[in-house]
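Student:
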Amino acid sequence: MQCAVLFEEKKKLVVPADHRVCDRDLIDPKERAFETLPTLPDNHRLGAWAAIHFPDHTPSGKPIAREPVMTAIGERLAVVESREAVVIVGEHLERYYSNPAIRYIEIGVAPVETALVRRRVDRRRAIQDLEECSRDVAAGLVDTAEG
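Counting from 7, one number per residue, gives the positions in the sequence shown under my numbering.
1. Using CA coordinates, which residue listed in Lys36, Cys9, Val20 is at the minimum distance from Arg101?
2. In the DSSP assignment, find the unbroken beta strand (DSSP E) run with Leu52 in it and report its ends.
3. Going by beta carbon distance, what residues of the same chain come within less than 7 Å of Ser66, once the five residues before and after it are set aside?
4. Quick one: measure Cβ to Cβ for Ile70 and Glu41, integer angstroms, because I've assumed they're closer than 8 Å.
5. Nearest to Arg72 by CA position, among Leu43, Asn105, Asn49, is which residue?
6. Lys36 by DSSP, collapsed to three states: which one?
7. Of the choices Glu119, Ser140, His50, whose alpha-carbon is the least far from that of Met76?
8. Can you tell me where the beta strand (DSSP E) holding Glu112 begins and where it ends?
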């Protein structure tokens, strides 16, 4: 397998605009123990991605309350606005889902890498084009986020 890291992304906690932590720039991941996060259906197959975005415990092992069951980002942001839960998202979502009723606060955890993974022996032109296009798009995302 060959892995090409396209970009790193910080994780953000999405909270209602009047939440107790809404004025902070950074939140300690341990504080998630005081919150409720949505959960995924039992039949999901998202593995490590789900563990990052839907954790069931803090890094120190404290449990995080989990409900309601959600699958779509729109549903997840709606439960934040209604104060039923807070959610974890990648920092890029803040650009696409701006809403004065919610705040995005960086979580003090390591950024997560997004990568394109392919079989090393697969050198078809279509695969090479996909990799090149992915790198170009990722570079544009990074430039936009930094600029």
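C-beta: ideal position from N, C-alpha, C; glycine also.
Bear in mind the structure is a predicted one, so any value in this text is a computation, not a measurement.
Tutor: A quick look at the data gives this:
1. In the sequence shown, residue 101 corresponds to position 95, counting from 1. Nearest C-alpha to Arg101: Val20.
2. Position 46 of the sequence shown, counting from 1, holds the residue named residue 52. From DSSP, Leu52 is part of no beta strand (DSSP E); its letter is neither H nor E.
3. Mapped onto the sequence shown, residue 66 falls at position 60. Around Ser66: Lys36.
4. Here residue 70 refers to the residue found at position 64 of the sequence shown. Here residue 41 refers to the residue found at position 35 of the sequence shown. Between Glu41 and Ile70 the Cβ distance is about 7 Å, and since that is below 8 Å, they are a contact.
5. For the purposes of this step, residue 72 is taken as residue 66 along the sequence shown, with counting starting at 1. For the residues Leu43, Asn105, Asn49, the minimum Cα distance to Arg72 belongs to Leu43.
6. In the sequence shown, the residue the question calls residue 36 occupies position 30. Three-state result, Lys36: helix.
7. Mapped onto the sequence shown, residue 76 falls at position 70. Out of Glu119, Ser140, His50, His50 has the C-alpha closest to the C-alpha of Met76.
8. Working through the sequence shown from its first residue, we reach residue 112 at position 106. It spans 108 to 113 - the beta strand (DSSP E) in which Glu112 sits, taken as one unbroken run.
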